[in-house]
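In my numbering, the protein residues as written are 97 to 525. Working notes, structure below.
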DNA sequence: CTATCCAATAC
RNA sequence: AUUGUAUUGGAUAG
Ligand SMILES: Nc1ncnc2c1ncn2[C@H]1C[C@H](O)[C@@H](COP(=O)(O)OP(=O)(O)OP(=O)(O)O)O1
Ligand SMILES: [Mg+2]
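Here's what the structure looks like:
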């Protein structure tokens, strides 16, 4: 089933299934006690409050949390310990997706977010260490950078073909029963399992009416990312067992192979494997291709003159950055110039912080220099002193020179790395 | 070393 | 308005 008729490939073959060892770690029976422990709960409430998220279906804001904790918590605690707690439905919010289309968020009540967070804090330390080393998304201590670097290393080993898979509406299609089955193999506390099940079937509020959801884990629930990793863990382990070189970030899976043929075989197998999980591979976003043709987490790979594989900024990400810079500089809606520059610096610094992983040094170095230039101004040196109307234009010109043409309307494109706009270095009043 | 606040990116 | 997880960085106060 797993291995379709393919011969001579470097990957080994092995039978599936290995059955997890009962439960993870000691004391999985009294997990709910850990969840409702007041220290754990305080930490959870703090996190939810600091996220500054908007209310769920009951309209309670995060500012009202302390009051809620005092008045509603004792009752909730008892219900949780009895395994009889019923979460509220989530609030449906549509937001635009990066690649077009809409993302359906499911926003739980602030109170439910606290409880889910409290559960996460108990489950994450137990479950996460059991996950595959090849899985990077939503996991503490593992970054997108780690995933990209790992993929680059696989490519350096000569695996230049990639099976690129993205799942369709991933969170929305997670099967409740199958997920619960996975969880039941790892956790013994039946009250906790019951509440997790109830969170999954809490449903959505659609103009005053609760609509049952028979599948999916809400995009917006604190627990959902962990549950998603639990759901796909078995696939990770199977790929591992077969000795595949792969990296997974959430629902973005890359298997690196040495030939197109091997890739197509793996792709076919994975489509079937995901179908077994009631998940569908996104046909438009998934393919077998040369790694250099497929961006990953905002980066792409390329080969330098010496034949080394290097990490670069994917062109989509580059275009998005330019667009944002244009948007921040072009027309300023009643903002002062210094405000515009400050915002631009802030954005570019954050951008570079992520994309600084890139090893392509064509002009991007200068973005860094430029950004630092504008930013590294110790003390509370005010931007106001050195910024004048021309600073804005120069900033745009510099970026344009580093990154490419930014706009049609004003691009002198005569940057000069050593332009004089840094003149007001000294402290200011 | 602790705490609060802000920002960027990935999904 | 827009939720969540994770990573990385900055500022400020002790
Ligand atoms: N802003 C977000 N808030 C909460 N969860 C998110 C967010 N972005 C992504 N996720 C989670 C839920 C998604 O199901 C999962 C994978 O992301 P993504 O592939 O971009 O969307 P998707 O799988 O839901 O739809 P698509 O069919 O377009 O791939 O990551
Ligand atoms: Mg997807």
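Positions of the beta carbon are idealized from the N, C-alpha and C atoms, including for glycine.
By the three-class DSSP mapping on this structure, what secondary structure does residue i have?
{"i": "residue 190", "result": "strand"}
{"i": "residue 349", "result": "strand"}
{"i": "residue 180", "result": "coil"}
{"i": "residue 291", "result": "helix"}
{"i": "residue 482", "result": "With a pLDDT of only 42 at residue 482, under the threshold of 50, the placement of this residue in the model should not be trusted; the figure read from the coordinates follows. Here residue 482 sits in helix by DSSP."}
{"i": "residue 270", "result": "coil"}
{"i": "residue 125", "result": "coil"}
{"i": "residue 454", "result": "coil"}
{"i": "residue 262", "result": "strand"}
{"i": "residue 529", "result": "Outside the shown range of the chain (97 to 525) lies residue 529, about which nothing can therefore be said."}
{"i": "residue 383", "result": "strand"}
{"i": "residue 251", "result": "helix"}
{"i": "residue 228", "result": "coil"}
{"i": "residue 377", "result": "strand"}
{"i": "residue 161", "result": "helix"}
{"i": "residue 370", "result": "helix"}
{"i": "residue 284", "result": "coil"}
{"i": "residue 131", "result": "helix"}
{"i": "residue 215", "result": "helix"}
{"i": "residue 320", "result": "helix"}
{"i": "residue 154", "result": "coil"}
{"i": "residue 170", "result": "helix"}
{"i": "residue 464", "result": "Any reading at residue 464 is ruled out, since the residue's pLDDT is 47, under 50, leaving its predicted position unreliable."}
{"i": "residue 221", "result": "helix"}
{"i": "residue 364", "result": "helix"}
{"i": "residue 139", "result": "helix"}
{"i": "residue 239", "result": "coil"}
{"i": "residue 432", "result": "coil"}
{"i": "residue 209", "result": "helix"}
{"i": "residue 277", "result": "helix"}
Going by the beta-carbon positions, is the gap between residue i and residue j smaller than 8 Å?
{"i": "residue 345", "j": "residue 232", "result": "yes"}
{"i": "residue 223", "j": "residue 322", "result": "yes"}
{"i": "residue 315", "j": "residue 219", "result": "no"}
{"i": "residue 336", "j": "residue 230", "result": "yes"}
{"i": "residue 186", "j": "residue 149", "result": "no"}
{"i": "residue 257", "j": "residue 361", "result": "no"}
{"i": "residue 272", "j": "residue 209", "result": "no"}
{"i": "residue 409", "j": "residue 342", "result": "no"}
{"i": "residue 204", "j": "residue 212", "result": "yes"}
{"i": "residue 267", "j": "residue 329", "result": "no"}
{"i": "residue 206", "j": "residue 158", "result": "yes"}
{"i": "residue 352", "j": "residue 247", "result": "yes"}
{"i": "residue 383", "j": "residue 251", "result": "no"}
{"i": "residue 326", "j": "residue 293", "result": "no"}
{"i": "residue 436", "j": "residue 454", "result": "no"}
{"i": "residue 244", "j": "residue 407", "result": "yes"}
{"i": "residue 313", "j": "residue 377", "result": "no"}
{"i": "residue 179", "j": "residue 291", "result": "yes"}
{"i": "residue 391", "j": "residue 412", "result": "yes"}
{"i": "residue 135", "j": "residue 161", "result": "no"}
{"i": "residue 456", "j": "residue 398", "result": "yes"}
Among all the DSSP beta bridges, which residues are the ones paired with residue i?
{"i": "residue 392", "result": "395"}
{"i": "residue 343", "result": "350"}
{"i": "residue 201", "result": "189"}
{"i": "residue 540", "result": "This structure does not reach residue 540, given that the chain is present from 97 up to 525, and the question cannot be answered."}
{"i": "residue 357", "result": "Its beta-bridge partners do not exist; DSSP assigns none."}
{"i": "residue 425", "result": "Bridge partners of residue 425: none, in fact."}
{"i": "residue 311", "result": "271"}
{"i": "residue 306", "result": "301"}
{"i": "residue 448", "result": "DSSP output for residue 448 lists no bridge partner at all."}
{"i": "residue 257", "result": "353 and 386"}
**Report entry** For ligand 2, residues whose Cβ lies under 5 Å from any non-hydrogen atom
**Finding:** 262, 263, 266 and 347
Count the CB pairs spanning the stretch 270 to 290 and the stretch 186 to 195 that are closer than 8 Å, and state whether there are at least three.
no
**Q.** the stretch 232 to 248 touching the stretch 368 to 383, judged by at least three CB pairs closer than 8 Å
**A.** no
*If we count Cβ pairs, one from each stretch, closer than 8 Å, do we get three or more for the stretch 127 to 145 versus the stretch 206 to 218?*
yes
Tell me whether the stretch 258 to 268 and the stretch 378 to 392 touch, counting them as touching only if at least three CB pairs, one residue from each stretch, are closer than 8 Å.
yes
Exercise. With a cut-off of 8 Å, do at least 3 Cβ pairs link the stretch 173 to 180 to the stretch 296 to 304?
Worked result: no
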